[in-house]
Amino acid sequence: MKKTLLALMIAGSLSAVAQKKSDKAAVIKPKKEFVADLLSRMTLEEKLGQLNLPTSDDFTTGQGGSTN
Numbered sequence: 006m007k008k009t010l011l012a013l014m015i016a017g018s019l020s021a022v023a024q025k026k027s028d029k030a031a032v033i034k035p036k037k038e039f040v041a042d043l044l045s046r047m048t049l050e051e052k053l054g055q056l057n058l059p060t061s062d063d064f065t066t067g068q069g070g071s072t073n
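In my numbering, the protein residues as written are 6 to 73.
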């Protein structure tokens, strides 16, 4: 049982190490180009939705209270 488990662990480790690296990580755009590309792909609704994102002050944990 221990030998079988050890063999499976070694096989899993070797297969994880042997995987090919992605070429996408090598392509890094400058920040301005990335933002311009992202904004050009966003719809108007998505852009307007970004204006209404909640901040950390909008969330209450625990018992809420009155601010009067």
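For glycine and all other residues, C-beta sits at the position ideal for the given N, C-alpha and C.
Keep in mind the model is a prediction, meaning the values are calculated, not measured.
Let me check understanding here. Comparing Cα to Cα, which of the options lies closest to residue i?
i, options, result
"residue 53", "60, 44, 61", "44"
What's the gap between the Cα of residue i and the Cα of residue j?
i, j, result
"residue 11", "residue 22", "17 Å"
"residue 35", "residue 42", "11 Å"
"residue 33", "residue 39", "9 Å"
"residue 58", "residue 25", "38 Å"
"residue 19", "residue 68", "51 Å"
"residue 49", "residue 7", "59 Å"
Can you find the residues in the same chain that come closer than 7 Å, C-beta to C-beta, to residue i, ignoring five residues on each side of it along the sequence?
i, result
"residue 37", "none"
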